[in-house]
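Some notes on the structure that comes next.
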């Protein structure tokens, strides 16, 4: 790959400000890099940490979260711009480095808008207030006679002045108090709730966007690392002679294992003058490994083990009513067992990082979802202080949760320190599949009782899965509270309900993947509910609405309360848009699923056909209620992406281990759906004035169960295990 000219990196100076909830909300000190300075004849004004207004009228807004196709570099700045009445055509977005002054920067958990919507409105309101004050001072009029509109401050007399012309006065003013700020009426929003074009679309299209793989430094070394096939295994010895004969290979060194959740796995690193040489040198290495105890891990035997565990009583996670009496007095009982495999993130861009360690300082350029966690890991490894570690966030070519674990960045830092040179570590696709953090495997047992009218009177959900917590606390072998809650808080109006958890020790690094625990729970709950509908001889839509029950606000510990009316509403909308109940072409059927996750409500109806025992999804009708919609373009694209991601998991997603080693290698045996398999995805966003909630993840859990439910409607066969490729259906 030819080096791509890099845009100037972002490097912020220490700022002075007013701290609020871990986020420095306002300061008069410029936090913008010297390399971003405007021409000498221009003046700039920083009303707070996220806004710079220049005297030529241009505005620079800071994006503190990572961009990986989630649209966050458009959504968050657009909230600031809307509140301050800025002209979007005059906006430039700048990426923040990893620094706690920005508050929580972890771009995961579908939290960016939910966490930062109000703070970003405040950033805009501060800037607007100070510009109004500046104009009032310049005109010698009361502030109440001035208002902001489309990059101007306007007086009631009709005269107006541009933002840029107020910079010199505004920068002399005090930061306004929170109590004095005024906010726009949502009915006057110009960008929020609209379809706003992404600020980075042009850069993506013309190739100028800088991803981690594009970064180059003078005299940079290229590094590829051979890691033990068995997770947590170690190097016993290695022969580097053949690798050193590869053209371009300069050296071979050992990388130590760092015994931390995000520490390097360790291995043997090949240092070369280019990436290809490093890869070929790695292939030539002869390494003797100490596989350790984990060599015994066999995913098939493990699945049998945890399945046995869910067929016996487990730890109680929730016990409501009397489940035994419900089963004893039932007109009918239904039982099912579900098994789902490990999954890999497999983003298109493999893990990679550039690091340059110089003494006790370090600068990194990397596609990371968690710049502050990365900074902390590097600080600890180098035994230095955070102010000497700079994390520059590049664009991410996909993340899905993988790039919130900075082990690959720590590897680059280790290599740079050892070589006393800047280095770029690049994983191969095989490295990514075989040495990542995996979405948990699971076994789930469901049992329910029905009365003679087909009403569910009892519900037992028992599951076993290696917990994410095991990555941080070795030895944990039961699900954690948050992994239990999505089963315990099932949205159904059932008097007798019990949730139990079986034992499941971890044998690989478990990590969050897009939608996390909602993937297995959303699957089993939605498929089982559909099974109950047919057992009750009811229409699945009618049955599900009745199962959710009366409109109510669930009394949960969360600050955002769960509203069953909103859940039923998205289900009704998806069904209406699909024209549920209409006659479909022969060999076609609908399936539905609905799920609440990340405080959002999502329902999907899928249209499926079967031909020669092969499944094809033709249409996906999705409805989402995510509270206040910031950018409808982003929300629509996220629901479209969720449908494709969910289909890939349903069709092909499966990671297996034999003798402790992951068996899959690349996209040939860990497949994604192809273009010819992609359906039409129809999305409706519910207009809402509620607080904004998650978007990136909640569209995923409904896809696989909706497909399974449609297949049952067509064939009368119910599939409890994924992927469908195991049944030769795709």
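Residue numbers (the numbering used here): 47 to 776. Using N, Cα and C, we set each Cβ at its ideal position, and we do this for glycine too. No experiment lies behind these values; they were computed from the predicted model shown.
- If you look at residue 169, you'll find it in the alpha helix (DSSP H) that goes 158 to 185.
- About 11 Å separates the beta carbon of residue 200 from that of residue 177, a gap too long to meet the 8 Å contact definition.
- Counting along the chain, no beta strand (DSSP E) covers residue 700, and no H or E run does either.
- As for any beta strand (DSSP E) of minimum length 3 sitting wholly inside the region 82 to 131, the runs are 90 to 94, 97 to 100 and 105 to 109, ordered along the chain.
- No residue range can be given for residue 135, since it is assigned to no alpha helix (DSSP H) and is classified by DSSP as neither H nor E.
- With a beta-carbon spacing of about 14 Å, residue 388 and residue 446 fall beyond the 8 Å limit used to define contacts.
- For residue 677, the closest of 740, 239 and 193 by C-alpha to C-alpha distance is 239.
- In terms of Cβ geometry, residue 219 and residue 179 form a close pair [threshold 7 Å].
- Taking a 10 Å sphere around the C-beta of residue 106, we find 16 or more other C-beta atoms and assign the residue as buried.
- The region 677 to 691 makes contact with the region 112 to 121, as at least three CB pairs between them are under 8 Å.
- In this structure, the beta-carbon distance from residue 442 to residue 397 does not fall below 7 Å.
- Within 10 angstroms of the beta-carbon of residue 381 lie fewer than 16 other beta-carbons, which makes it exposed.
- Residue state for residue 211 is assigned as helix, using DSSP reduced to three classes.
- By the beta-carbon neighbour count (other beta carbons within 10 angstroms, threshold 16), residue 366 is exposed.
- Counting along the chain, the unbroken beta strand (DSSP E) around residue 272 starts and ends at 267 to 272.
- Per DSSP, residue 593 lies in no beta strand (DSSP E); the unbroken alpha helix (DSSP H) holding it starts and ends at 586 to 594.
- A residue is called buried once 16 or more other Cβ atoms fall within 10 Å of its Cβ, and residue 394, having fewer, is exposed.
- For the 7 Å CB-CB criterion, residue 437 and residue 149 do not form a contact.
- Contact between residue 379 and residue 489 fails: their C-beta atoms lie close to 20 Å from each other, not under 8 Å.
- With respect to the C-alpha of residue 630, the residue from 647, 713 and 665 having the closest C-alpha is 665.
- Remark: C-beta atoms of residue 589 and residue 579 approach each other more closely than 7 Å.
- Cβ-Cβ separation between residue 167 and residue 229: approximately 6 Å, consistent with a contact (criterion under 8 Å).
- For the pair residue 482 and residue 454, the Cα-to-Cα distance works out to about 10 Å.
- When 642, 632, 647 and 496 are compared, the shortest CA-CA separation from residue 654 is found for 632.
- Only buried fits residue 744, as 16 or more other CB atoms lie within 10 angstroms of its CB.
- By DSSP's assignment, residue 386 forms a beta bridge with 488.
- Assigned with DSSP and collapsed to three states, residue 665 falls in strand.
- With respect to residue 268, residue 320 sits close: the two C-beta atoms are nearer than 7 Å.
- The residue among 643, 769 and 737 with its C-alpha nearest the C-alpha of residue 698 is 769.
- In its chain, beyond the 5 residues on either side, 255 have a beta carbon closer than 6 Å to the beta carbon of residue 249.
- Counted as a single uninterrupted DSSP element, the alpha helix (DSSP H) harbouring residue 624 occupies residues 610 to 624.
- In this structure, the straight-line span from the alpha carbon of residue 493 to that of residue 499 is close to 18 Å.
- Looking from the CA of residue 712, the closest CA among 705, 706 and 700 belongs to 700.
- Residue nearest to residue 285 within the set 298, 279 and 275 is 298 (criterion: CA-CA distance).
- Assigned with DSSP and collapsed to three states, residue 365 falls in strand.
- The distance from the Cβ of residue 245 to that of residue 139 is about 5 Å, consistent with a contact at the 8 Å cut-off.
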